[in-house]
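Trainee:
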Amino acid sequence: QVQLVESGGGLVQPGGSLRLSCAASGSIFSINAMGWFRQAPGKQRELVALITHGGTTEYADSVKGRFTISRDNAKNTVHLQMNSLKPEDTAVHYCYANNHLTGVEYWGKGTLVTVSA
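Numbering (our numbering), first residue to last: 6 to 122.
Given below as structure tokens:
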């Protein structure tokens, strides 16, 4: 089992920045990709950004150029630096990890990001 704990959400004005962090514990040796998904009220959960153990990244088109994902394999953490935030970025953001051998996926409990004046 893998446990994921997020931190760093909150309220920010449009154009502002936030940094989300996620710490993984448990059977971390099995983890390949880590990243972030988000779910806004009334909408489906969607990919924000992913990063593999080797550092390959993938971003949603809506956040390219504004968000940066990074990972510290030694500390088992993944971070999401969010700049130039927009009201449409308001959502619960979930940390994600997967075991590429078994296909098992792991989720954090989520942290709320609210972008509002």
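From the three backbone atoms N, C-alpha and C, an ideal C-beta is built for every residue, glycine too.
Using the C-alpha atoms, what's the distance from residue 102 back to residue 51?
Mentor: 14 Å
Trainee: May I have the straight-line CA-CA distance separating residue 62 from residue 74, to the nearest angstrom?
Mentor: 7 Å
Trainee: Relative to the alpha-carbon of residue 28, which residue among 116, 122, 121, 120 has its alpha-carbon at the smallest distance?
Mentor: 116
Trainee: By the DSSP assignment, the beta strand (DSSP E) with residue 66 in it spans what residues?
Mentor: No beta strand (DSSP E) contains residue 66, which DSSP labels as neither H nor E.
Trainee: Can you pull the DSSP bridge partners for residue 12?
Mentor: 26
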